[in-house]
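Numbering (my numbering), first residue to last: 103 to 334.
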């Protein structure tokens, strides 16, 4: 049986929404939404919170997910890559004698998850896919986009696709940041959660694709929950 490590990265610094991981979102700290999902989801063998923030560590401990070590300073900067953080977590576990075949990435900024999407991803990996990622349908299809130079001259990005009717366009999606699940070997070889052969998990409900990176995102997400009756 394959073993999956779920990694939740949550550093202290956030310039656009200061303290967002511990700020109250819809009644509880933003990070807690992700912690509770990861703790309860049956497809994860172990959950590891990677943080340099004592407040996040305290919240994780309250959710029965104690932080085994604080993230090194060099991996807690604006320029530190998420893949580096995940690989560091895997290496730290390996040193302690705990190895994993797969790794899942859960970001605190996409708090509104549903089990069904993760179950779909797990089935894709069980079927041989090296990775599965969450995508949401794009509002404006890339076939209908143009390159625009300094003089305003437009050139089709996809000359063969610009003439297609809307009903003939192939499905296109954008990464929504809500789901990443990858074979560890593929991640180490490519340093990407989207290696060759990656499969899409489609998110049709906009709530599940909410990615809170700005104050406007925060206000929109809470209003969306009010509109649906989840938050009153």
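Using N, Cα and C, we set each Cβ at its ideal position, and we do this for glycine too. The structure displayed is predicted, hence computed values, not measured ones.
Hey, residue 210 and residue 284 are a contact pair by Cβ (cut 8 Å); roughly how many whole angstroms apart?
Incorrect: roughly 19 Å between the Cβ atoms, too far for contact.
Rounded to whole angstroms, what is the Cα-Cα separation between residue 126 and residue 132?
6 Å
Does the beta-carbon of residue 217 have 16 or more other beta-carbons within 10 angstroms, so that it is buried, or is it exposed?
exposed
Measure from the alpha carbon of residue 317 to the alpha carbon of each residue in 163, 110, 119, 261, then state which is nearest.
119
Classify residue 156: buried if its beta carbon has 16 or more other beta carbons within 10 angstroms, exposed otherwise.
exposed
Suppose you measure from the CA of residue 229 to the CA of residue 236; what does that come to, to the nearest Å?
17 Å
Which of helix, strand or coil DSSP assigns to residue 127
strand
In angstroms, rounded to a whole number, what distance separates the CA positions of residue 141 and residue 264?
46 Å
Assuming residue 136 and residue 208 make a contact with CB atoms under 8 Å, what is their CB distance in whole Å?
5 Å
Mind checking whether residue 185 and residue 294 have CB atoms under 8 Å apart?
yes
Tell me which same chain residues have a C-beta within less than 6 Å of the C-beta of residue 224, skipping the five on either side of it?
145
Give me the Cα-Cα distance between residue 336 and residue 201, rounded to the nearest whole angstrom.
Since the first residue shown for the chain is 103 and the last is 334, residue 336 is missing from the structure and cannot be characterised.
Buried or exposed: residue 250, going by 16 or more other Cβ atoms within 10 Å of its Cβ?
exposed
Best match in 148, 327, 160 for proximity to residue 124 [C-alpha to C-alpha]:
160
Mapping DSSP to helix, strand and coil, what is residue 234?
strand
Between 197, 153, 163, which has its C-alpha nearest residue 176's C-alpha?
153
What's the call for residue 252, buried or exposed, on a 16-neighbour Cβ count within 10 Å?
exposed
Quick check: the Cα distance between residue 268 and residue 106, rounded to an integer number of angstroms?
40 Å
Inter-residue Cα distance where the pair is residue 147 and residue 206
11 Å
Per DSSP, which one or two residues make a beta bridge with residue 249?
257
My output table needs one value for residue 192: the three-state DSSP class, helix, strand or coil.
helix
Please return the same chain residues whose Cβ sits closer than 6 Å to the Cβ of residue 247, not counting the five positions on each side in sequence.
259
Secondary structure of residue 311, DSSP reduced to three states:
helix
Following the continuous alpha helix (DSSP H) through residue 220, name the residue where it begins and the one where it ends.
217-228
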